[in-house]
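Residue numbers (the working numbering), protein chains in the order written: chain A, 25 to 430; chain B, 482 to 938. Every residue gets a Cβ at the ideal spot worked out from N, C-alpha and C, and that includes glycine. Accompanying notes for the structure given below.
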Amino acid sequence: MRFFLIICFCVAYNMQAIGQEYDFLIKGAYLIDAKNDIRDTMDVAVSDGKIVSVSKNIPVILAKKVIEASGLILSPGLIDPHTHVFVGSKSKTFADGFYSVSPDDFTFRSGITTVVDAGTSGWRNFETFKTNVIDASKTRVLAFLNISGTGMSGDSTQENLSDMDAKKAYETLKLYSDILVGIKIGHYTGTDWLPFENALQASGKAGKPLLVECHLPEYSLADQLNKMRPGDIITHSFEEIDERLPIIDSEGRLHPFVKAAYERGINFDVGHGGAGFWFSQAIPAYQQGLVPNSFGTDLHRFSMNSGMKNMLNVMSKFINIGMRVEEVIEKASWKTAQAIHRPDLGHLSEGAVADLTLLKLHEGDFGFIDAGKNKIEGKYKLETELTMKDGKVVYDLNGLAANKYH
Amino acid sequence: MPLFKQFFLQYFRYTSRINPFPFVKQLLTSHSLPMPLPYLLNKSFTIFLLSSLLICFSGNAQDIDLLLKGGHVIDPKNGISETIDIGITGKNIVKIAKNIPENTAKKTIDLKGYYVTPGLIDMHVHVFNGADTESYIANALTSLPPDGFTFRSGVTTVVDAGSSGWRNFRQFKAQTIDKSQTRVLALLNIVGTGMYGRLEEQDVTDMNPTMTANMITKMFPDILVGIKSAHYWGDFTQVDLAVEAGKLAEVPVMVDFGEHQPTNSIEALFMKHLRPGDIFTHTFSYGPNNRETIVDEDLKVKPFVFEAQKRGIKFDVGHGGGAFSFRQAVPAIQQGFLPDVISSDLHSQSMNSGFKDMANLLSKFMNMGLTMEEVVLRATWNPAQVINRKDLGHLDVGTEADIAIFTLRKGDFGFLDIRKTKIDGDKRLETEMTIRAGRVVWDLNGLSVPYWESEFK
Numbered sequence: 025m026r027f028f029l030i031i032c033f034c035v036a037y038n039m040q041a042i043g044q045e046y047d048f049l050i051k052g053a054y055l056i057d058a059k060n061d062i063r064d065t066m067d068v069a070v071s072d073g074k075i076v077s078v079s080k081n082i083p084v085i086l087a088k089k090v091i092e093a094s095g096l097i098l099s100p101g102l103i104d105p106h107t108h109v110f111v112g113s114k115s116k117t118f119a120d121g122f123y124s125v126s127p128d129d130f131t132f133r134s135g136i137t138t139v140v141d142a143g144t145s146g147w148r149n150f151e152t153f154k155t156n157v158i159d160a161s162k163t164r165v166l167a168f169l170n171i172s173g174t175g176m177s178g179d180s181t182q183e184n185l186s187d188m189d190a191k192k193a194y195e196t197l198k199l200y201s202d203i204l205v206g207i208k209i210g211h212y213t214g215t216d217w218l219p220f221e222n223a224l225q226a227s228g229k230a231g232k233p234l235l236v237e238c239h240l241p242e243y244s245l246a247d248q249l250n251k252m253r254p255g256d257i258i259t260h261s262f263e264e265i266d267e268r269l270p271i272i273d274s275e276g277r278l279h280p281f282v283k284a285a286y287e288r289g290i291n292f293d294v295g296h297g298g299a300g301f302w303f304s305q306a307i308p309a310y311q312q313g314l315v316p317n318s319f320g321t322d323l324h325r326f327s328m329n330s331g332m333k334n335m336l337n338v339m340s341k342f343i344n345i346g347m348r349v350e351e352v353i354e355k356a357s358w359k360t361a362q363a364i365h366r367p368d369l370g371h372l373s374e375g376a377v378a379d380l381t382l383l384k385l386h387e388g389d390f391g392f393i394d395a396g397k398n399k400i401e402g403k404y405k406l407e408t409e410l411t412m413k414d415g416k417v418v419y420d421l422n423g424l425a426a427n428k429y430h
Numbered sequence: 482m483p484l485f486k487q488f489f490l491q492y493f494r495y496t497s498r499i500n501p502f503p504f505v506k507q508l509l510t511s512h513s514l515p516m517p518l519p520y521l522l523n524k525s526f527t528i529f530l531l532s533s534l535l536i537c538f539s540g541n542a543q544d545i546d547l548l549l550k551g552g553h554v555i556d557p558k559n560g561i562s563e564t565i566d567i568g569i570t571g572k573n574i575v576k577i578a579k580n581i582p583e584n585t586a587k588k589t590i591d592l593k594g595y596y597v598t599p600g601l602i603d604m605h606v607h608v609f610n611g612a613d614t615e616s617y618i619a620n621a622l623t624s625l626p627p628d629g630f631t632f633r634s635g636v637t638t639v640v641d642a643g644s645s646g647w648r649n650f651r652q653f654k655a656q657t658i659d660k661s662q663t664r665v666l667a668l669l670n671i672v673g674t675g676m677y678g679r680l681e682e683q684d685v686t687d688m689n690p691t692m693t694a695n696m697i698t699k700m701f702p703d704i705l706v707g708i709k710s711a712h713y714w715g716d717f718t719q720v721d722l723a724v725e726a727g728k729l730a731e732v733p734v735m736v737d738f739g740e741h742q743p744t745n746s747i748e749a750l751f752m753k754h755l756r757p758g759d760i761f762t763h764t765f766s767y768g769p770n771n772r773e774t775i776v777d778e779d780l781k782v783k784p785f786v787f788e789a790q791k792r793g794i795k796f797d798v799g800h801g802g803g804a805f806s807f808r809q810a811v812p813a814i815q816q817g818f819l820p821d822v823i824s825s826d827l828h829s830q831s832m833n834s835g836f837k838d839m840a841n842l843l844s845k846f847m848n849m850g851l852t853m854e855e856v857v858l859r860a861t862w863n864p865a866q867v868i869n870r871k872d873l874g875h876l877d878v879g880t881e882a883d884i885a886i887f888t889l890r891k892g893d894f895g896f897l898d899i900r901k902t903k904i905d906g907d908k909r910l911e912t913e914m915t916i917r918a919g920r921v922v923w924d925l926n927g928l929s930v931p932y933w934e935s936e937f938k
C-alpha cells in the first residue's frame with residue numbers, strides 16, 4: 025500500500041513537472057507559416073518567450089495555460105514596414121513631433137508585433153528617437169534611416185544637400201545594425217540626383233534595402249525605378265496624386281516599365297497613409313499582376329482615422345480585391361521579414377521568438393474606403409483576437425487567455 | 482442649370498415683393514381654374530414656369546447638409562430611444578424629427594439597423610502626451626494623444642484627469658489640447674506640476690488652492706472643468722486642499738484614493754471631506770491594501786456607499802490598467818449599485834489591458850446587466866452634468882453635432898477585467914461612424930462615401 029502511494033505520488037509529481045513544461049499551448053488554430061511551408065491546423069507551444077514546439081495534437085497536460093483557438097488563424101506576429109512613430113511634442117512635424125504616433129497605441133490591437141519606422145529620423149536625431157520611443161515601446165521598433173540628417177523635420181534642413189551624408193548615414197546604420205534595416209529617401213523637391221545616389225550608396229554599402237517614398241516631384245518614376253536594385257522598396261505604390269506618376273495610366277493600364285521593375289525584384293509596398301491608396305490604382309494593378317509585396321500602413325496622425333484605420337483593415341482590402349487569405353498573411357509576416365533582411369522574424373519555427381497573433385476572419389457585409397473617399401464592399405474582414413510578443417499576451421480581445429470570473 | 486435656377490430665384494424674389502407666388506395663388510383661390518386644365522398644360526411656358534417653381538423649391542429646401550436617417554436614436558437627456566432622424570447643417574444639429582424627407586438634405590446616410598447616440602464623453606483620460614522621459618504622466622509617453630483612441634470608439638469629448646497642474650497646464654494646452662480634433666477638457670491637478678511623478682505628487686507645499694482656482698476661473702474656464710486629487714500617500718490633507726480649491730472655483734473635485742498604506746476611510750471621504758457633486762474614481766478597483774473597497778470581502782456593498790450616492794457623491798468607473806475588477810463590479814450591480822459615470826482612465830498602461838476602448842467598456846457593462854440606454858446615459862448626459870457642461874452629451878437642436886453611430890454585434894464575446902478574469906457576453910458595440918462638429922471623423926465601413934466606380938461615371 026505504501027509502495028502504491030509512493031508510486032502515485034511520483035506519478036502525480038512527474039505529471040505536475042511535465043505539466044509545467046510549456047507556458048502556453050495554443051491549440052487547434054489554423055497555422056499559416058510561410059517560412060516552414062505550413063498551412064494547416066497545428067498546436068504551438070511557447071515557453072520563456074520562444075516557440076518550443078509546433079506539431080499536431082500537443083497534449084494539454086503539458087501546458088500551464090491552454091489557449092483554445094479552434095476556428096482562428098494563427099500567424100507569426102505581423103510586421104508593418106511603413107510607419108511614423110518618432111512621436112514627440114514638436115508641433116507640425118513628424119520628427120520628434122505630434123504628426124507621428126506612439127506605436128503601442130496601434131500595433132498589438134491589429135496583430136502587429138514589429139513596426140518599421142519609415143525614415144522619420146536621420147543620423148542627427150536617430151538617438152533621440154531611440155531613447156524616447158524605441159527603447160520605451162513594447163512593440164519591436166525597427167527603422168529605415170532617412171538620408172536627410174534630421175529626418176522628417178519638416179524644415180529647410182530636410183532638403184539640405186550637405187546634410188544628406190552617405191558616410192554618416194552608413195556609420196549610423198552600422199552602429200545600430202540591430203535596429204536600422206535600411207535607408208529611406210523621400211521629401212526632396214530639388215532636381216539634383218545626389219540625395220538619391222547617396223541613399224543608394226549608404227544602403228548598398230551596408231547591404232540593406234533602400235526605401236523610396238513618393239515626395240520627390242522632380243525625379244521621374246521611371247528614373248527612380250531604373251536606379252533601384254532588386255530588393256529595394258518603393259512605397260505608396262497605389263497613389264494617385266500629382267507628385268508622382270501613378271502606376272496605372274489614364275486608360276487603366278499598368279505602365280510596362282513598372283511591371284518590368286516589379287518583375288526585376290523591386291518590392292512594392294502599399295504605404296496606405298492618408299493619400300497613398302486608391303482603388304482606381306490598386307484594383308487594375310492587381311488585375312494586371314502587380315500584387316503588393318507588403319502592407320505598410322504609413323501610420324501617422326493623418327492616416328490613422330482615414331480609410332487606413334489599421335493594418336488588418338488594409339490587408340482585408342486586398343482579400344476583398346481577390347488575394348487569398350494565406351497569401352495576405354504570408355506577405356504581412358515572412359515576406360516582409362525577408363524584405364527587411366530580418367529572417368529571425370515573421371515565422372514560428374521552434375526556437376524563434378514567440379511573436380504571434382490569433383486572427384478571426386469574419387464573414388459579413390463590410391465596406392472599405394480609399395484615400396479618395398471612395399469605397400468597395402467586401403465579405404471578409406480580419407480581426408485580432410490575441411497578440412503575443414516575446415511569449416507574453418499583450419492583447420486579448422475576448423479573454424481567450426483569461427480565467428472565468430467565477 | 483445653375484444659371485437657369487438663379488434666374489428663376491430672382492424672378493420669384495422680384496414677383497414675391499408684389500404678390501408671392503401669383504400663379505399658384507390664383508390656382509388655389511379660384512373655385513374653377515382660370516382656364517381649362519388641358520389648355521393650361523398645353524401652354525409650354527406655364528409648364529416651364531411650374532417646373533422651375535419645383536426646382537426652386539427643392540433647391541431652397543435643401544437646408545440640411547447631412548441627414549442621418551432611420552437610426553435608432555438614444556438620447557438619454559431627452560428621453561429618446563426610438564427611430565428618429567437627425568439633420569445637421571454646418572457644425573450644428575438643426576432638426577430632430579420623425580421622417581425628415583431626403584430631398585431636404587444635400588446628403589443622406591441610411592442608418593437603418595444602427596444605434597445613434599450623442600458623441601461619448603470619456604470623463605477620465607490621460608492625454609498630456611510628450612517626450613519628457615523623466616516624467617510619469619505629465620508631458621510623457623504614458624499619456625496618449627487622444628485622437629487615435631477617441632473617434633474609433635465613438636468618443637468626441639475627453640476630460641483629462643489631472644495630468645497637468647497649474648504650472649504646466651499651458652504647455653498641455655499648447656501641445657495637445659489645441660492640436661487635437663477631439664474636444665479635450667481637463668481637471669487641473671491640485672499639485673502644481675500635475676502628475677510629473679509619484680514623489681512630486683506628495684509635495685503639500687505645491688498644492689496651492691488659490692493658484693489652482695485662479696487658473697480655472699481667470700484663465701481657462703472653458704477648458705478646466707474641475708480639480709483632481711490623486712496618488713497621495715498621507716492623510717486627508719490633499720483632498721481637503723483640492724476641495725478648498727473646488728469651493729473657490731465652484732467646480733467638482735475628482736479623487737483617486739488609491740495609495741494609502743494602511744487605507745484611509747472612504748466613508749469619511751464620502752461623508753465628511755467631499756461635497757455633493759464631487760467624484761470618486763476607480764470605483765470598482767480591488768486592491769484592498771491600498772484602497773478601501775466599496776464591496777466587502779463577503780461581496781456585499783457597504784451600506785454607506787448607497788448613502789454616499791444619495792448624498793450626491795458621483796461614482797466614476799475609471800477602468801484603467803489596474804482599477805476594474807469583476808469581483809467588485811458584478812456584486813455591486815447585482816445589489817443595485819450602479820456607477821454614475823463610465824470612463825476609461827485611458828493611458829499607455831491601460832490601453833491594451835482588460836480595457837480596450839470606450840465602446841468595449843460600455844459593452845462590458847451591458848453584458849453585466851445594464852441596458853443600452855443606461856450605459857449611454859453614463860457616457861453622455863451624466864458626465865456632462867457632473868462636469869457642469871450641459872451643452873454636451875445630448876442631441877438638442879442648436880447644439881454642436883457630436884454624434885456616435887454603433888452596430889450592436891451579437892455573438893460570443895468575452896470581456897476582461899484587470900485581474901485577468903473574464904465574463905462571457907453575447908453583445909458588443911462596434912463604432913460604425915463618429916461625427917465631430919458636423920464632420921465625419923471615423924467611418925468604419927464607408928457609410929458616408931460613394932463606391933469607387935463612381936469616379937469614372
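For chain A, is any of its Cβ atoms less than 9 Å away from the one on Y932/B?
yes
Rounded to the nearest angstrom, what separates E350/A and R63/A at their Cα positions?
For E350/A and R63/A, the gap between their C-alpha atoms comes out near 8 Å.
Cβ-based neighbour list, F132/A, same chain, cut-off 6 Å, excluding 5 preceding and 5 following:
T411, V418, Y419
Whole angstroms are fine: how far does the CA of T163/A sit from the CA of P127/A?
7 Å
Are the beta-carbon atoms of M847/B and A860/B separated by less than 9 Å?
no
Measure the C-alpha to C-alpha separation of I747/B and E773/B and round it to an integer number of angstroms.
In a straight line, the C-alpha of I747/B is about 6 Å away from that of E773/B.
Distance CB(L625/B)-CB(V606/B) smaller than 9 Å:
By the CB criterion at 9 Å, L625/B and V606/B fall inside the cutoff.
Apply the 10 Å Cβ neighbour rule to P970/B and answer buried if 16 or more other Cβ atoms are within range, or exposed otherwise.
The first residue shown for chain B is 482 and the last is 938, placing residue 970/B beyond what the model contains.
With 7 Å as the limit, tell me which residues of the stretch 561-572 of chain B have their beta carbon closer than that to any beta carbon of chain A; keep them in chain order.
none
Which bits of chain A does I904/B rub up against, with CB to CB less than 7 Å?
Y429
Just the C-alpha distance for T718/B and A726/B, rounded to the nearest angstrom, thanks.
12 Å
Give every residue of the same chain whose Cβ lies closer than 7 Å to the Cβ of S616/B, excluding the five residues on either side of it in the sequence, and list them in chain order.
Y677, G678
Do you know how far the Cα of D394/A is from the Cα of N770/B?
52 Å
Would you say I814/B and I760/B are within 9 Å of each other, going by their C-beta atoms?
Contact: no.
S124/A to T321/A, Cα distance in whole Å?
13 Å
Sequence-distant residues of its chain with Cβ nearer than 7 Å to S513/B (five each side left out):
Since pLDDT at S513/B reaches only 39, below the 50 mark, its modelled position is unreliable, and no value is offered.
When you compare only the Cα positions, how much space is there between I171/A and F632/B?
Taking C-alpha positions only, I171/A is separated from F632/B by approximately 35 Å.
Give a yes or no on contact between the stretch 794-811 of chain B and the stretch 740-759 of chain B, applying the rule of three or more CB pairs nearer than 8 Å.
Yes: at least three Cβ pairs fall under 8 Å.
Using alpha carbons as the reference points, say which of I561/B, G552/B, D556/B, I569/B lies closest to I545/B.
I569/B
By a C-beta neighbour count over all protein chains shown, 10 Å radius and 16 as the cutoff for buried, is V798/B buried or exposed?
Residue environment analysis places V798/B among the buried positions, since at least 16 neighbouring C-beta atoms fall within 10 angstroms of its C-beta.
Report yes or no: is there a C-beta of chain B within less than 9 Å of the C-beta of Y419/A?
Interface flag for Y419/A against chain B is set, since a Cβ pair is found closer than 9 Å.
From the DSSP output, read off the bridge partner residues of T888/B.
E911/B
In whole angstroms, give me the CA-to-CA distance for N580/B and G121/A.
47 Å
Specify, as a first and last residue, the run of the beta strand (DSSP E) that D924/B falls within.
920-924
Counting only C-beta atoms, is M25/A closer than 9 Å to chain B at any point?
Caution is warranted here: a pLDDT of 49 is assigned to M25/A, below 50, making its placement in the model unreliable, and the coordinate value is therefore given only provisionally. Chain B contact via Cβ: absent.
On the CB-based measure, 16 or more other CB atoms within 10 Å of its CB, does L705/B come out buried or exposed?
buried
C-alpha gap between M482/B and I567/B, whole angstroms:
With a pLDDT of only 35 at M482/B, under 50, the local geometry of the prediction cannot be trusted, and the value read off the model is given with reservation. Spanning the two alpha carbons is a distance of roughly 30 Å.
Extent of the continuous beta strand (DSSP E) to which N573/B belongs:
573-578
At what residues does the beta strand (DSSP E) containing F392/A begin and finish?
380-393
With a threshold of 9 Å between beta-carbons, can S13/A be considered close to chain B, or not?
Only positions 25 to 430 of chain A appear in this structure, which leaves residue 13/A out of reach.
Collapsed DSSP secondary structure at I746/B in the structure displayed:
The question names Ile, yet the displayed sequence has Ser at residue 746/B. Here DSSP, grouped into helix, strand and coil, assigns S746/B to coil.
Shorter than 9 Å from the beta carbon of E401/A to some beta carbon of chain B?
yes
Sheet register partners of S829/B (DSSP bridge)
Paired residue(s): none; S829/B is not in a bridge.
Does M752/B come out as helix, strand or coil in the three-state DSSP assignment?
helix
Please list the segments of the alpha helix (DSSP H) lying wholly inside the stretch 771-812 of chain B, counting only runs of 4 or more residues, in order along the chain.
784-792
Below 9 Å between beta carbons: does that hold for A361/A and I56/A?
no
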